[in-house]
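Peer 1:
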Amino acid sequence: MHPALLLLLLASLLHVAAAVGNETSTSGNTSCTPARCGNLTISYPFSLSGVQPVYCGYPVFDLTCDNGTGHAFLRRTFRDHLFRVDNIFYENNSLVAAVQTTFPGDSGCPVPDFNVTSSLSLYPFNISNTTKYLVFVYNCSLPRDVRHELTCANNTMRASISNQWNRMYDPGGPARAVDTVGCQYSVVPVLPWSELRSARDYAGLVRRGFLLEWAAVPGDCAACNASGGECRYDAGAMAFGCFCPSGRLQPATCDLFLPFQFSAALHSSMCSSQAAASSTI
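So for the sequence shown, our numbering puts the first residue at 5; every next one is plus one.
1) Can you name, in chain order, every residue of its own chain whose Cβ lies under 6 Å from the Cβ of residue 156, other than the five neighbours on each side?
2) Measuring only the C-alpha atoms, how far is residue 230 from residue 258?
3) Could you tell me how far apart the beta carbons of residue 70 and residue 77 are, in whole angstroms, since I believe they sit closer than 8 Å?
4) Alpha carbon to alpha carbon, how far is residue 94 from residue 42? Give it in angstroms, no decimals.
5) Within the same chain, show all residues whose beta-carbon is closer than 7 Å to that of residue 127, passing over the 5 residues directly before and after it, in chain order.
6) Check whether the segment 127 to 138 touches the segment 243 to 255, taking contact to mean three or more Cβ pairs, one atom from each stretch, closer than 8 Å.
7) Just mark residue 234 as buried or exposed, buried being the case when its beta carbon has 16 or more other beta carbons within 10 Å.
8) Look at the alpha carbon of residue 175 and the alpha carbon of residue 192, and state the distance between them as a whole number of angstroms.
9) Just to confirm before moving on: does the CB-CB distance between residue 165 and residue 198 stay below 8 Å?
10) Going by the beta-carbon positions, is the gap between residue 163 and residue 195 smaller than 8 Å?
11) Any idea what DSSP makes of residue 65, helix, strand or coil?
12) Please name the residue or residues paired with residue 159 in a DSSP beta bridge.
13) Determine whether the beta carbon atoms of residue 92 and residue 99 lie at a separation below 8 Å.
14) Does the distance from the C-beta atom of residue 84 to that of residue 102 stay below 8 Å?
15) Do you know how far the Cα of residue 142 is from the Cα of residue 237?
16) Using the C-alpha atoms, what's the distance from residue 73 back to residue 62?
17) For the alpha helix (DSSP H) containing residue 209, name the first residue and the last one.
18) Would residue 50 be called buried (16 or more neighbouring beta carbons within 10 Å of its own) or exposed?
19) Per DSSP, what are the beta-bridge partners of residue 137 in this structure?
20) Between which residues of its own chain and residue 57 is the CB-CB distance below 8 Å, once the five residues before and five after are set aside?
21) If you follow the beta strand (DSSP E) that residue 98 is part of, which residue opens it and which one closes it?
22) Identify the continuous alpha helix (DSSP H) that holds residue 121 and give its terminal residues.
23) Please check the pair residue 129 and residue 216, which I expect to be a contact at CB under 8 Å, by giving their CB distance rounded to whole angstroms.
24) Between 121, 227, 222, which has its C-alpha nearest residue 241's C-alpha?
25) How would you label residue 47, buried or exposed, when you count the other beta carbons within 10 angstroms and need 16 or more for buried?
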């Protein structure tokens, strides 16, 4: 092959590579270095609002940090600082969360006025199968089998521990027993070893939280990191992205072998030119 044609081929290959890079580049180049909130390390698929760019994690996993207390909270909730995140176990896709709210009209009563289990259905989290449930019943003739009594905002409540979720606690759920018709329920997941020995125990059970699990998000973050990239959420593609040192956003891992692809193409072209030259001799 004529040297000028060889140079033209090389230029064409470089142009194609640049075009591909432009098509897959990310508009942000701020690092997604893990962030800290208190003792919590926050990294993909989570992100820390106001500290990390939004593309550092999936939007629904976005957290906010209360610098005064050093506590992290799920950000996309219908009340501020509603679900506190105490620990994240990245190796097995689980976290310990706790509902942090008080009953309306009684700041000293840490009982939510809604079913925590139902509100979590808006998130890609599953409550662990090992979870127990702390059930509060009020505004009715209290069932006799619910033993522990407490008062929140002049409401007499009774609390009990259940080993499983019962759809009876949901509005519009299955028909209830006659003595529970009209009752209002507030159900809070608690850790599997939780016990309610007296009415005074409930505040500690709520405070210690419960275990949530999330399904593995798309993309292999470990493989991306191993290839020299940073794991990100590509909002345009609504998918996982691997941000590479070259400034490109790849769908899986950083393409570390691109120079060798050029070398292979050039080698093939040179061999072809040599073969053509030999055939003309």
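Note that beta-carbon positions come from the ideal geometry of N, C-alpha and C, so glycine has one too.
Here the structure is a predicted model, which means the values were calculated and not measured.
Peer 2: On the basis of the data shown:
1) 107, 110, 113, 115
2) 9 Å
3) 7 Å
4) 17 Å
5) 64
6) no
7) buried
8) Residue placement at residue 175 is poorly supported in this model, since its pLDDT is 49, which falls under 50; the coordinates still yield a value, given next. Whole-angstrom Cα-Cα distance: 15 Å.
9) yes
10) no
11) helix
12) 156
13) yes
14) no
15) 44 Å
16) 25 Å
17) 206 to 212
18) buried
19) 166, 193
20) 32, 34, 36, 51
21) 98 to 103
22) 120 to 123
23) 4 Å
24) 222
25) buried
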